[in-house]
Structure formats: structure tokens, C-alpha cells
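Notes follow the structure.
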DNA sequence: ATCGTATATTCGAAGAAGCTAATATACAAT
DNA sequence: ATTGTATATTAGCTTCTTCGAATATACGAT
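Protein chains in written order, with my numbering: chain A, 24 to 137; chain B, 24 to 137.
Here is the structure:
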């Protein structure tokens, strides 16, 4: 099959986003960088677990980090990623009759994110 | 954590695309519907395997199918999905210094897909 | 040097996803 | 009714993912 290594690359990217916590991380970083600690607090998951998810996102170059003293600040590497999620938002919105509970969440999210 | 079921939904969607063969399927269906047989031939994978991947895409409503006699024709359900992949293409193109072999593939793919 | 805080890594268990081979279903044609 | 073709499903195995608990590293403060 041609284009195969390219498709592996694409699949890896999708795989990186294929977890609710990792989506939450990217969405939290929407407005700018946050420390690992701040992320963990907002995510409400185990420290080790969050760190593992950050490792996944880092390894696929979806987020980047910089160290400041004791802390590590994360941010999304490329605004295109946020844009991808925005296009997807339209998609999800168009098809959310397939899960009514989420529609309500979606509306309040719309208020938050504009 | 709020928005969580929505994020599960999104994650499921990404998960559905997190495999090279399934990406290939969606890309093959770009120009219109194809029978399962035609897909399998172009994919060059085991019949059962392709069928399983189609089941995954169907279960996440990414593709739909219609039966015609003996055959089953698949198509992408919503053009937005193709659009998502197009935005991603820009993303991949912007970051493909991380895998040089793919850049060449990408260029020939650009010829094919315009 | 020691202690505390922030973050990362490793390990082992549990579950999910993927593959192939085999079997099943559905329809067409004879 | 039987046979052939197209597609789907199941079973068993292997590999990948995720998690929490424990441990390690890095840095700052005392």
C-alpha cells in the first residue's frame, strides 16, 4: 500500500488524541501555557497518570514544555492543533444527536469557548 | 471533571481514526463510494481484517453503507470528515521535517488529491 | 548536606485492540 | 435445493494501552 508511512504518522497523531484526558489537556492549554501542576489540579487525576499522558503528547510533538526552576510549563506546539479541534467541534456538533447528554455539555462549553 | 462524556465521545472519534488502514479507507472513499471488495483490493489486507476495520468506522458513524444485491457499498457519512483530514493535512505538512521519508509521499499525494 | 516540592519514570496487573484462521450469513444463479 | 460469491462474525492469540503504587530525579530553600 502506498503512502503507508505517512498514514502511520497520521494514525499516531490521532492515537495521541484518542483519550479523554489528553483531549482535556489540549483544551486546557487553549488559552496559553500551564504548569504540570496546574494541569493535574484541573484534570483531577493521579499525578503519575497525568504525567504519562503528557509524555504521550510530548512524544507526538503535540505539546512542548519549558522548565522554570522547579516547574514545567506546557503549551500546544502549533495553533493548527487548536484549529483541528475547532473543525472537529463543528463535526461533533453536527452529529450529537447520537448522545444527548453531551449536547448540554456542548452548549455550556460553547459559552466558555465562544 | 466537566465535559467528560463529550470528551469521551471525541476521544472515541480519534480512536476510530487511529489506525493506518482506517485512514486509508477514509482517504479511498474521498471521491465517492466503493464496495467492500474494491476497498479490500486497494488496501491489500486480509478480507476479515478490512471488514473489522469497516465495522469500527461504522460503529463510530464515520462511514455508512448500503447493500446492493450481493455487495455492500461504503461512503464517508459527512463531508466534514474529509474536511477534518484536510486541515490535518496542513498540519502534517507543516511538521513533516519529523520524518523525511513521508515528505516525498506527501508530495505525490498532493498531485493525486489536488 | 538535608528536606520539601514538582515532575518523571518504572513495574506489574488489567483491559482493549489487532491479527489470522475458521466459520457463518446473505444473496444470486443455476 | 445446491453452489458460488461477497461480506460479516467469532475464537484464540499476541501486542498495546492504561492505571495506580512505588521509586527516581531535579531543583529550591534552609
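Each residue gets a CB set at the ideal place from its N, CA and C atoms; glycine is no exception.
Remember, predicted model here, so these are calculated numbers, not experimental data.
Residue i classed as buried or exposed, judged by whether at least 16 other C-beta atoms fall within 10 angstroms
i                      : result
residue 83 of chain B  : buried
residue 43 of chain A  : buried
residue 89 of chain B  : exposed
residue 73 of chain A  : buried
residue 131 of chain B : exposed
residue 30 of chain B  : buried
residue 49 of chain A  : buried
residue 70 of chain B  : exposed
residue 32 of chain B  : buried
C-beta contact flag for residue i and residue j at 9 angstroms
i                      : j                      : result
residue 34 of chain A  : residue 41 of chain B  : yes
residue 38 of chain A  : residue 37 of chain B  : yes
residue 110 of chain A : residue 110 of chain B : yes
Whole-Å CB distance - residue i paired with residue j, under 8 angstroms assumed
i                      : j                     : result
residue 80 of chain A  : residue 65 of chain A : About 15 angstroms separates the two Cβ atoms, so there is no contact after all.
residue 114 of chain A : residue 86 of chain B : No, residue 114 of chain A and residue 86 of chain B are not in contact; Cβ-Cβ is about 14 angstroms, not under 8 angstroms.
residue 105 of chain B : residue 53 of chain B : 6 angstroms
residue 118 of chain A : residue 27 of chain B : Going by Cβ atoms, the distance from residue 118 of chain A to residue 27 of chain B rounds to 18 angstroms, so no, they are not a contact pair.
Exercise. Only counting runs of 4 or more residues, tell me where the alpha helix (DSSP H) segments fall wholly within the segment 34-63 of chain B, in order along the chain.
Key: 43-51
Quiz item: Can you give, in chain order, each stretch of the beta strand (DSSP E) that sits fully within the segment 82-115 of chain A and has at least 3 residues?
Solution: 86-91, 94-99
Quiz item: For the segment 58-72 of chain A against the segment 87-104 of chain A, are there 3 or more C-beta pairs whose distance is under 8 angstroms?
Solution: yes
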